[in-house]
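Participant:
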Amino acid sequence: MENLANLAEINAASIETWMFYVLAALAIPFAYGVILDKAIIRSGFLLIGVFGAISGLFLILQAQFIAMAQIMIYAVGITLVVVIALMLTNPRMDLDLKPAAGNSKLTGFVVSFVLFAVIYLAIRSDAWPIKGELPAASNVAVIGQAITGQYSLPFEFASVLLLAALMGAIMLAKNEPVEPEILEYSEASGAASDAEAEALTTAR
Amino acid sequence: MGNASEIFKFTRLSIIWLCLIFIPVWLVAYAVGIFIPYFLIKDQQNIFFDVFQALVPIIAVLVFIPINAMFMVLFERRGLALFTVRSGPNRVGVDGLLQTAADAVKLLFKEDITPRGADIAMFTLAPITFFAPSVFAAIPLLAAVTNDHPLFHIVNLPTGIFYVLAASSVPVVGIVMGGWASNNKYSLVGGLRSAAQAISYEIPLVLSLVSMCMMAKSLDVVQIANQQAGGILDWNIFGGGALRGIDKFIALNLVGNTIDAKTILDAAYPSGILSYIAAGVLIVCSVIMFLLYLTGACAEINRIPFDLPEAESELVSGYNTEYSGIKFAIFFLAEFTNLFIVSSIAVVMFMGGGGNPIPAWLLDPWWPSFASSVGPMFDLVTAKGLMLVDEHTFFPALWVIAKTYAFVFFAVLIRGTLPRFRIDQLMDFGWKRLIPLSLIVFLVMAFARVLVNVHLVMPAGGAP
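Protein sequence lines, in the order shown, are assigned to chains A and B. If you use the working numbering, the first sequence corresponds to residues 7 to 210, in order. If you use the working numbering, the second sequence corresponds to residues 67 to 530, in order.
(1) Could you tell me the distance, in whole angstroms, from the CA atom of Gly-419(B) to the CA atom of Gly-496(B)?
(2) Determine, for Val-28(A), whether the minimum Cβ-Cβ distance to residues of chain B falls below 9 Å.
(3) Mind checking Gly-183(B): buried by the 16 CB within 10 Å criterion, or exposed?
(4) Any residues in the stretch 202-235 of chain B with a beta carbon nearer than 9 Å to a beta carbon of chain A? Which ones, in chain order?
(5) Looking at chain A, is there any beta carbon in it that lies within less than 9 Å of the beta carbon of Ala-261(B)?
(6) Rounded to a whole number of angstroms, what is the C-alpha to C-alpha distance between Phe-389(B) and Ala-192(B)?
(7) To the nearest angstrom, report how far apart Gly-159(B) and Ala-167(B) are at their CA atoms.
(8) Can you pull out the residues from the stretch 70-84 of chain A whose beta carbon lies closer than 7 Å to at least one beta carbon of chain B?
(9) For His-458(B), does the count of other Cβ atoms within 10 angstroms reach 16, so buried, or fall short, so exposed?
(10) Compute the Euclidean distance between the alpha carbons of Phe-356(B) and Leu-52(A), then round it to the nearest angstrom.
(11) Under the rule that 16 or more other beta-carbon atoms within 10 Å means buried, what is Lys-393(B), buried or exposed?
(12) Give a yes or no on whether the minimum CB-CB distance between Trp-427(B) and chain A is below 9 Å.
(13) Measuring only between beta-carbons, confirm whether Asp-54(B) sits less than 9 Å from chain A.
(14) Between the Cα of Met-78(A) and those of Leu-67(A), Thr-95(A), Ile-54(A), spot the shortest distance and give me the residue it belongs to.
(15) Can you give the beta carbon distance from Ile-467(B) to Phe-88(B), rounded, assuming they're within the 8 Å contact cut?
(16) Closest by CA to Asp-286(B), which one among Phe-228(B), Ala-477(B), Leu-146(B)?
(17) Please compile the residues from chain A whose C-beta is within a distance smaller than 9 Å of the C-beta of Ile-107(B).
(18) Determine, using beta carbons only, whether Val-56(A) and Val-242(B) come nearer to each other than 9 Å.
(19) In this structure, does DSSP put Met-355(B) in helix, strand or coil?
(20) If we cut at 9 Å on Cβ distances, does Val-238(B) have a partner in chain A?
(21) Please report whether the beta-carbon of Leu-42(A) lies at a distance below 9 Å from any beta-carbon of chain B.
(22) What do you get for Cys-351(B), buried or exposed, if any count of 16 or more other CB atoms within 10 angstroms of its CB means buried?
(23) Helix, strand or coil: how does DSSP classify Tyr-563(B) here?
(24) Looking only at its chain, what residues have a beta carbon closer than 6 Å to the beta carbon of Phe-508(B), apart from the 5 residues adjacent to it on each side?
(25) So, does the CB of Met-93(A) fall closer than 9 Å to a CB anywhere in chain B?
(26) Could you compute how far the alpha carbon of Ala-512(B) sits from the alpha carbon of Phe-36(A)?
(27) Counting C-beta neighbours from all protein chains within 10 Å, is the total for Asp-109(B) 16 or more, i.e. buried, or is it exposed?
(28) DSSP state of Pro-423(B), grouped into three classes?
(29) What is the C-beta distance between Arg-259(B) and Val-520(B), in whole angstroms, given that I count them as a contact (C-beta under 8 Å)?
(30) Can you give the beta carbon distance from Ala-120(B) to Ile-220(B), rounded, assuming they're within the 8 Å contact cut?
(31) Using a beta-carbon distance cut-off of less than 8 Å, what residues from the stretch 122-156 of chain A approach chain B?
(32) Determine the chain B residues that contact Leu-169(A) at a beta-carbon separation under 9 Å, and present them in chain order.
(33) Which whole-angstrom value describes the C-beta separation of Leu-503(B) and Thr-361(B), a residue pair presumed to lie in contact below a C-beta threshold of 8 Å?
(34) Does any heavy atom of the ligand PLP sit closer than 8 Å to the C-beta of Asp-43(A)?
(35) Near Phe-76(B), which residues of its chain fall below 8 Å by C-beta distance, leaving aside the five closest residues on each side in sequence?
(36) Do Ile-354(B) and Glu-401(B) come within 9 Å of each other at the CB atom, strictly closer than that value?
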């Protein structure tokens, strides 16, 4: 038996590698499941698994803050909203989807191959030097200073974009007022007589 | 005081159960973390020495959660009985003490039914997804509530409170999953309501905690808890440390110290009258933030008045309608654990963690012999080097337990008092009132904070 600290020094790199493979072995089947599962809501839940595994990858890279944000925003917030939208819009789950045109398989193959080639070349064309320096002790402080200092302009642009998206969503979802609220009230509570409703309208 | 005897029984029950919870938890933690490594293995080079010590937090949590849930169910039932002038469960064991233990055994032996047409994998996964995050979420808090005991130091993350928030946002996935997989309309509606509610009320909840992190300049729960040491005036609920200067000022005046007290006030409130106004604003804002936290937390863990996901008069039992046996037990366990976690976050972030509410300057003149009378008692236990009790952990832990269960009691009181919201009222209240209010208060706090030197650290040589 060896000292644990000693052991950690020797094997830190290999443990990280193993953890990477474990997380990859989780993330890839989940990702396949997202595409292949017939029940679209189940693939929504599988997406949560993918995001969870990816946040594990961030943890290996010592990026605690991004890992937490990944879980909080992507795995829970966004995916849940997507799943709820799917539930409310009632997708036809039993529908057997068939390829629309004859050569769609070929198109799919070409598109995915080109995408793969682009991403692969983008990753391989750059050198990824391994630096000896340790990651910052306080993730959050570094990110906060970068966002409010060096990258404040892009950050503001991103927030303006999000605001515009929010306002657009509200405009799209906004109901046109069909009938006065007071009628709903008198309908809902059947006891309310017309006289009462009139009294209420005049009061307003 | 017609029900004085009932109150006495309730108090007795609470004390007995608290002993039943925390003594076994500490004994297990002691056995795994200290007894086995130091007395059985002895060899510090042995790999198991570190492994056992590292296992302590998770084992402590796993022992704590089931016993605590049993207590809290009984606490809630007896508490509600007290508020509605009933007797509550009082047959099993002595005065109903063992009622929930019997319930737990019953639930374990019940048949585990999966409804026809349910998605079996997700039906099984849902309670696990609901329960597991509450185990993870509690772990960083362990360091804060035990005053950074060496055994729990390992779980003190630099992103502590953010980790807790991230972990406690996951259970809603379990609810939606369970609601969908049950193949039942009531369950589905319950799950959808729960998701809508959790997403909307998470924003004021997180903003209130972020404002406290902003005052403390840290996300580290241990640091936030320690900053509030020194009495009720230093607690985050009263201005996030804005009163620290006044606290020190009173302390110095009472002691009759030779240091010019004005330097203390100048250090804490640098820009004169503006700073005092800002301190007042901070106090108001942080009290509002505290109330926002309580509201958001109540909605987050689906308790009355926000228990729409399981509104029994509308939805049978909401998302857990189809669950039975052990799966239902896990849902139940997680719900009460979440209540406990939310209460302990409130204690750590707002109520001074393990700090004594009575300031030292008030306590010392009245009870000067306290330290000297308690110290030897601990020496008796620790003299043999058993490390069984540590006064740096023992008193903070006692305070945390008292404060946390006070919050749990408050939640029970709320449940016994308020009626349930309607779903549209709930969403309106969240989006149109709470979120704008929390954003405005947060902004005001950010500006007011600049004028006050919060959590004043005494200049070198200035401390008595």
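Even for Gly, the Cβ is constructed at its ideal location relative to N, Cα and C. All values reported here derive from a predicted model rather than from experimental measurement.
Facilitator: To lay it out plainly:
(1) 28 Å
(2) Cβ-Cβ to chain B under 9 Å: no for Val-28(A).
(3) Counting C-beta atoms within 10 angstroms of its own C-beta, Gly-183(B) has fewer than 16 neighbours from the protein chains shown and is therefore classed as exposed.
(4) Leu-223, Pro-224, Thr-225, Phe-228, Tyr-229, Leu-231, Ala-232, Ala-233, Ser-235
(5) yes
(6) One point to set straight first is that residue 389(B) is Tyr, not Phe, in the sequence displayed. Approximately 10 Å, taken between the alpha carbons.
(7) 10 Å
(8) Within the stretch 70-84 of chain A, the qualifying residues are Gln-70, Phe-71, Met-74, Ile-77, Met-78, Val-82, Gly-83.
(9) By the Cβ-count criterion, His-458(B) is exposed, with fewer than 16 other Cβ atoms from all chains shown falling within 10 Å of its own Cβ.
(10) 36 Å
(11) Looking at its Cβ environment, which holds 16 or more other Cβ atoms inside 10 Å, Lys-393(B) is buried.
(12) Proximity of Trp-427(B) to chain A, defined by a Cβ-Cβ separation below 9 Å, is not satisfied.
(13) In the structure displayed, chain B extends from 67 to 530; residue 54(B) sits before or after that span and is not available.
(14) Closest by alpha carbon: Ile-54(A).
(15) 7 Å
(16) When each option's Cα is compared against that of Asp-286(B), the closest is Phe-228(B).
(17) Those do not exist, as Ile-107(B) stays about 10 Å from chain A at its closest Cβ, beyond 9 Å.
(18) no
(19) Helix, per DSSP.
(20) yes
(21) no
(22) buried
(23) Nothing in the structure corresponds to residue 563(B), since chain B is present only between 67 and 530.
(24) Leu-273, Ser-277
(25) Yes - at least one Cβ of chain B is within 9 Å of the one on Met-93(A).
(26) 42 Å
(27) exposed
(28) Judged by DSSP in its simplified three-state form, Pro-423(B) adopts coil rather than helix or strand.
(29) Your pair Arg-259(B) and Val-520(B) does not check out as a contact, with CB atoms roughly 39 Å apart and the cut at 8 Å.
(30) 6 Å
(31) Ala-143, Ser-144, Asn-145, Val-146
(32) The contacting residues do not exist; Leu-169(A) stays about 13 Å from chain B at best.
(33) That belief does not hold up - the Cβ atoms of Leu-503(B) and Thr-361(B) are roughly 10 Å apart, past 8 Å.
(34) Within the structure as shown, the ligand PLP is missing, as the structure has no ligands at all.
(35) Arg-144, Gly-145, Leu-148
(36) no
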